[in-house]
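**Q** Listed in order, the protein sequences are those of chains A and B.
What the first sequence shows, in this note's numbering, is residues 2 to 524, in sequence order.
What the second sequence shows, in this note's numbering, is residues 1111 to 1452, in sequence order.
Glycine included, each C-beta is placed from N, C-alpha and C at the ideal position.
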Amino acid sequence: MNREGKWRLAALLAFVLVVVAAIGAGAARSAMTHKAAGGIIVDGTTDSVTNIDPAGNYDFGSATADALIFQHLLEAGPGGLTPHPVLATKCGFKGNLKTFSCTLRKGVKFHNGKAFTAADVVWSFDRVVRIKDPSGIYTLLSNLKSVKAKGKYGVVFNLKAPQATWPQILTTGAAQIVPKGVYPLKRVKGNTTKQIGTGPYTLSKYSPGQQAVFKKFKGYWGKPAKNDGVIIRYYTKSSTMKLALTRKDIDMAFRDFTPTELISLGKTKGIVVHKGKGATIRYLVLNLKMSPTDKLAVRKAIAYLVPRQTIANRVYHGLVKPLYSMVAAGLPGHIDAFKTVYGASPNQAKARAALVAAGISRPVNITLWYTPTHYGDSSADEFAEIQRAMQAGGLFKVTLKSAEWAQYSDALGKQYGAFQLGWFPDYVDGENYLLPFYDAKSNFTSNNYNSAKMNSLLTKEQATRVTAKRLALMRSAQTLAAKDAPIIPYWQGAMIAVSRNNVKNIPKTLDPTFIMRFWLISK
Amino acid sequence: MAAQGTSLKSYLLTRLALVIPMVFILLTMVFLLMRVAPGDPISASLGGRVPQAEVDKIRHRLGYDKPLIVQYREYLWDTARLDFGTTITDRRPVTEIIKVNGAATLELTIAAMFVAITVGVFFGLVAGRYRDTAADAGSRLFGIVIYAMPVFFLGYLAQLFFGSYLGILPTSDRASPLTEALLTPHTNLFLIDTLINKNWAAFWDVFRHLILPATTLGLVISGIFIRLVRVNVIRTLKDDYIEAARARGISERSVVYNHAFRNALVPVITIVGLQMALLLSGAVLTETTFNWPGIGHQLIFYLDNRDYAAVQGIIVVFALVVVFISLLIDLASAFIDPRIRY
């Protein structure tokens, strides 16, 4: 080898040594850096953020970030479902159910040092209604006529129609409080501008699509957070997030792993899968203006055949539970209406009898639509089970079709006769599982269900002050919903978070409100 | 020479003039394709939560129910004023996406091209120099297999082996969470930003995160270079001036490396430039596999949400980037190789 060749070989060896040293040194340094920041919780998620400004978002990813920065007059949980005062000290209806007033907490400061007053509450609600953001968050305040300050620490909400669940509305994303003047009245504040709330954390850095960094707010009025800060890291694929969790790049992950990934993680050393009561549901919508689901007998036959337990066991490995009402189990007023009317398990004989009685020839041709891009790849397995159950006795001939979400959501009631949807509640009350599906004015499913009896039940329910009477009306609505079967619920999900085994207190925040209260978590 | 200079000048002016109709055709195609695809940004974000009547109201308020020709006119007018607008989904200025996510893609692209050129040129040279030997066969086989392998599959293998099994390299993102949280962005090119911040620990962290995605992408592209360099080396070694150099008694090593190799690389420059331009528009599969927040990764997000403004804006900017890069390559080729005439 000549001299030039020796120099080249030496340069190549030096380069390789530098790379190897970088890998090793970097690994050691990364470990030290992460260990040094022991009080910071790093969470992974496959959700994404649209807008951090509460007036501009109606999605889960944004709501999870907002919960760290902003607060409400009333909040639900952890654990309990009844709204309790947070930025308010006392709230109640005055006279009828159209006037609701609150006394505000004194001594609360925003992250910029400004004192929290009634003017901020009025501003926060006014701007949501004025901005009418395309996210649709303002629809939660559709019953709000006006909000007025009563002195420095009092507010009065005037409603258009009686609404017993107005306190629950005050726990939603539409009711988060922002400082007057800092947040524009007529437009949404940009994500990379400074976000100001009263919550236990400040947003110190936000990199869209990458991560959000939250620092503990030292001037917080309430109990300080149990950690020094939170980093939420955004992933496109759950498999990448799973790898990050097993490699200890992140401490925990909240939303969303596939059922198979969860089972695998549950068997992984050093990882814990935490399950709590959840309130998300999955259901099959039937279009009342399209054949064959326009016939009640066909809808009943489908209701007799849906294999809830099989889906829960085979597709979701026990991570979901069979659901027999659109109102989530565990909520006050829930009854297993579909179980009462159609039984707990598929019943071919009764399905056949329903079709025969109506003179409907078999097999009934039907197309079922689902969307894996929004509800996950397990949707295909879910619908394969439904298809199998419906075709088993020769009663139906089922064609399965899928579409990606943007196309699917546009086509729902216009082109699809039977389709998959899911729901997580805006507020944790049975009403939020009835109005959006069965009330003619609020029904978003576009399935053309319009029952005068149901509309009347739901109007009465909203205007009923006495809880026992309200719950009785909800039960009647569920029974009617089962008999009319415009929608067939089939599973209810748990609130699931996965973490390394050194992360503490996650179970304390797992409840049907589906809020991840990072301030309770430590490691 | 004067004639050559004039023809180059007129070639350049013609190419620049052609940019306008090229971009106009692209704008129109993007506009139509986005609107022909089922769904729109409003139903994508509101579908499944809000009554249809409310969705229609919002659609009307934002002008998505206006006649297509009206929407098209407004779109062209905004583009002409270089107002690429703000995304509908998350209110980000499109220029900010280009700056931030474009920088992530640029960093990945440069690193991947470094790997591609190093590996591709090395194996191509070996294959060309030792034609019809085991080294040639091995290099060609490697080039074919690596080019045929889907980049996400190679990425998964790399993550599993180096990240999970050996545990020596990170499997996703540009940096670890704390590094990224503490990094002050200047250029949005993290390697450079860490040097500006004089944070050596952060530099190594970012470098380590870059290794797997850059190597994965670079190896796949190297397949093109292996074959191209091989063919050019073989062709160049047959040229008369090479025979003349051998006849003058110059060593075979010097003939290959100092004479043939450099000339064989000239066509490779063109391909390098074109590949870079293509990658800058987003190495989508690599970015998705490694959760790399580049422009391709963002484009998928906006496409899924039918975010017209985002998709139109990003594609227009990158069309301009590709057009100008290909123009620069043509100019560079003309200067490097005097045989190229216009």
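So, are the CB atoms of I1405/B and I1381/B less than 8 angstroms apart?
**A** By one-based count along the second sequence, residue 1405/B stands at place 295. By one-based count along the second sequence, residue 1381/B stands at place 271. Contact: no.
**Q** The alpha helix (DSSP H) with F1224/B in it runs from where to where?
**A** Here residue 1224/B is taken as the residue at index 114 of the second sequence, counted from 1. Per DSSP, F1224/B belongs to the alpha helix (DSSP H) from V1204 to R1239.
**Q** Identify, in the order they occur along the chain, each residue of the same chain with its Cβ nearer than 8 angstroms to the Cβ of S1443/B, setting aside the five sequence neighbours on each side.
**A** Locating residue 1443/B in the second sequence gives position 333, counting from the first residue. Result list for S1443/B: V1376, I1379, T1380 and I1450, in chain order.
**Q** Please report the Cβ distance between P1403/B and I232/A, rounded to the nearest whole angstrom; I am assuming they are in contact, meaning their Cβ atoms lie under 8 angstroms.
**A** The count along the second sequence starts at 1 and reaches residue 1403/B at position 293. The count along the first sequence starts at 1 and reaches residue 232/A at position 231. The pair is not a contact, with the Cβ atoms about 15 angstroms apart (cut-off 8 angstroms).
**Q** Run the CB neighbour count on E383/A, radius 10 Å, all protein chains shown included, and call it buried at 16 or more, exposed below.
**A** The residue labelled residue 383/A in the question sits at position 382 within the first sequence. Per the 10 Å Cβ criterion, buried.
**Q** Find the residues of chain A that neighbour I1455/B, judging by a C-beta separation of less than 7 angstroms, and give them in chain order.
**A** Residue 1455/B is absent from the structure shown; chain B starts at 1111 and stops at 1452.
**Q** Quick one: is G417/A buried, meaning 16 or more other Cβ sit within 10 Å of its Cβ, or exposed?
**A** Translated into positions along the first sequence, residue 417/A becomes position 416. It is worth fixing the name first, because residue 417/A is Tyr in this sequence and not Gly. Buried, because 16 or more other Cβ atoms sit within 10 Å of the Cβ of Y417/A.
**Q** Mind checking whether K227/A and S523/A have CB atoms under 8 angstroms apart?
**A** The residue given as residue 227/A occupies position 226 in the first sequence. The residue given as residue 523/A occupies position 522 in the first sequence. Their beta carbons are under 8 angstroms apart, which means K227/A touches S523/A by this criterion.
**Q** At a CB-CB cut-off below 7 angstroms, which residues of chain B make contact with G191/A?
**A** For this step, residue 191/A is matched to residue 190 along the first sequence. In chain order: R1201.
**Q** Leaving out five residues before and five after A26/A in sequence, what residues of the same chain have Cβ atoms less than 8 angstroms from its Cβ?
**A** By one-based count along the first sequence, residue 26/A stands at place 25. In this prediction, A26/A has a pLDDT of 49, which is less than 50 and means its spatial position is unreliable; what the coordinates show is noted afterwards. Answer for A26/A: no residue qualifies.
**Q** Give a yes or no on whether the C-beta atoms belonging to R1284/B and V1316/B are separated by under 8 angstroms.
**A** Translated into positions along the second sequence, residue 1284/B becomes position 174. Translated into positions along the second sequence, residue 1316/B becomes position 206. Cβ distance < 8 angstroms, so R1284/B and V1316/B count as in contact.
**Q** Taking all protein chains shown into account, decide if A483/A is buried (16 or more other Cβ within 10 angstroms of its Cβ) or exposed.
**A** In the first sequence, the residue the question calls residue 483/A occupies position 482. Flag for A483/A reads buried.
**Q** By the three-class DSSP mapping on this structure, what secondary structure does A1154/B have?
**A** Position 44 of the second sequence, counted from the start, is the residue given in the question as residue 1154/B. Here A1154/B sits in helix by DSSP.
**Q** Could you check the C-alpha separation between A28/A and F1300/B for me, to the nearest Å?
**A** Reading the first sequence from its first residue, position 27 is the one you call residue 28/A. Reading the second sequence from its first residue, position 190 is the one you call residue 1300/B. Any reading at A28/A must be qualified, since the residue scores a pLDDT of 48, below 50, and its modelled position is unreliable; no value is offered.
**Q** Can D134/A and A56/A be called in contact, C-beta distance under 8 angstroms?
**A** Translated into positions along the first sequence, residue 134/A becomes position 133. Translated into positions along the first sequence, residue 56/A becomes position 55. In contact: D134/A and A56/A (Cβ atoms closer than 8 angstroms).
**Q** Check each residue of the region 1219-1240 of chain B: if its Cβ is closer than 7 angstroms to any Cβ of chain A, include it; give the result in chain order.
**A** none
**Q** DSSP state of N228/A, grouped into three classes?
**A** Here the question's residue 228/A lines up with position 227 in the first sequence. In the structure shown, N228/A sits in coil (DSSP, three-state: anything other than H, G, I, E or B).
**Q** Quick one, which residues of the region 398-430 of chain A are near chain B if we go by CB-CB under 9 angstroms, in chain order?
**A** Those residues of the region 398-430 of chain A that come within reach of chain B (Cβ to Cβ, closer than 9 angstroms) are A404, E405, W406, A407, Q408, Y409, S410, D411, A412, L413, G414, K415, L422, G423, W424 and D427.
**Q** Could one say the Cβ of R1416/B lies closer than 8 angstroms to chain A's Cβ atoms, at least one of them?
**A** What you label residue 1416/B is simply residue 306 of the second sequence in a count that begins at 1. Yes, R1416/B counts as interfacial toward chain A.
**Q** Check the C-beta distance from N1415/B over to A407/A and give it rounded, since I have them as a contact under 8 angstroms.
**A** As a working mapping, residue 1415/B is identified with position 305 in the second sequence. As a working mapping, residue 407/A is identified with position 406 in the first sequence. The pair is a contact, with the Cβ atoms about 7 angstroms apart (cut-off 8 angstroms).
**Q** Do the region 361-377 of chain A and the region 266-275 of chain A meet, that is, are 3 or more Cβ pairs less than 8 angstroms apart?
**A** no
**Q** Anyone know if the C-beta pair for Y1418/B and T1199/B falls short of 8 angstroms?
**A** On the second sequence, residue 1418/B is found 308 positions in, with the first residue counted as 1. On the second sequence, residue 1199/B is found 89 positions in, with the first residue counted as 1. No, the pair does not count as a contact, with Cβ atoms beyond the cut-off.
**Q** Report the rounded CA-to-CA distance for N1211/B versus K238/A, giving the unit in angstroms.
**A** For this step, residue 1211/B is matched to residue 101 along the second sequence. For this step, residue 238/A is matched to residue 237 along the first sequence. Computed Cα separation, rounded: 18 angstroms.
**Q** Since T47/A and D252/A should fall inside the 8 angstroms C-beta cutoff, what is the C-beta to C-beta distance between them, to a whole number of angstroms?
**A** Position 46 of the first sequence, counted from the first residue, corresponds to residue 47/A. Position 251 of the first sequence, counted from the first residue, corresponds to residue 252/A. Contact flag wrong, Cβ pair sits at about 16 angstroms.
**Q** Report yes or no: do three or more beta-carbon pairs, one from the region 197-212 of chain A and one from the region 1359-1373 of chain B, lie closer than 8 angstroms?
**A** no
**Q** Can you pull the chain A neighbours of L1172/B, defined as C-beta to C-beta under 7 angstroms?
**A** Here the question's residue 1172/B lines up with position 62 in the second sequence. Within 7 angstroms Cβ-Cβ: P135.
**Q** Are the CB atoms of N366/A and K398/A within a distance shorter than 8 angstroms?
**A** Numbered from 1 along the first sequence, position 397 holds the residue referred to as residue 398/A. Numbered from 1 along the first sequence, position 365 holds the residue referred to as residue 366/A. Yes, they are a contact pair.
**Q** My assumption, with CB atoms under 8 angstroms, is that Q479/A sits in contact with S326/A. Please give the rounded CB distance.
**A** Locating residue 479/A in the first sequence gives position 478, where the first residue counts as 1. Locating residue 326/A in the first sequence gives position 325, where the first residue counts as 1. Contact flag correct, Cβ pair sits at about 5 angstroms.
**Q** Closest to F1410/B by CA distance: which of I42/A, S49/A and D44/A is it?
**A** As a first step, residue 1410/B must be located in the second sequence, where it is residue number 300. Looking at the sequence shown, residue 1410/B is not Phe but Ile. Ranked by Cα distance from I1410/B, the options I42/A, S49/A and D44/A are led by S49/A.
**Q** Would you check if the region 263-271 of chain A and the region 81-100 of chain A touch, i.e. whether three or more CB-CB distances between them fall below 8 angstroms?
**A** no
**Q** For A345/A, count neighbouring C-beta atoms within 10 Å of its own C-beta (all shown protein chains included) and say buried if the count is 16 or more, exposed if not.
**A** Translated into positions along the first sequence, residue 345/A becomes position 344. Per the 10 Å Cβ criterion, exposed.
**Q** Alpha carbons only, please: which of K216/A, S136/A and V109/A is nearest the one belonging to G62/A?
**A** Along the first sequence, one-based indexing puts residue 62/A at 61. For the residues K216/A, S136/A and V109/A, the minimum Cα distance to G62/A belongs to S136/A.
**Q** Should the region 276-293 of chain A be regarded as contacting the region 487-505 of chain A, the criterion being three or more beta carbon pairs within less than 8 angstroms?
**A** yes
**Q** Cutting at 7 angstroms between CB atoms, please list the residues of its own chain near F1434/B, excluding the five before and the five after it.
**A** Locating residue 1434/B in the second sequence gives position 324, where the first residue counts as 1. Correct list: empty, nothing qualifies.
**Q** Provide the residue span of the beta strand (DSSP E) that contains L105/A, from first to last.
**A** The sequence position of residue 105/A within the first sequence is 104, counting from 1. Per DSSP, L105/A belongs to the beta strand (DSSP E) from T100 to L105.
**Q** At the 8 angstroms Cβ level, is Y59/A part of the contact set with chain B, yes or no?
**A** Residue numbering aside, residue 59/A sits at position 58 when the first sequence is read from its first letter. It does; some Cβ of chain B falls within 8 angstroms.
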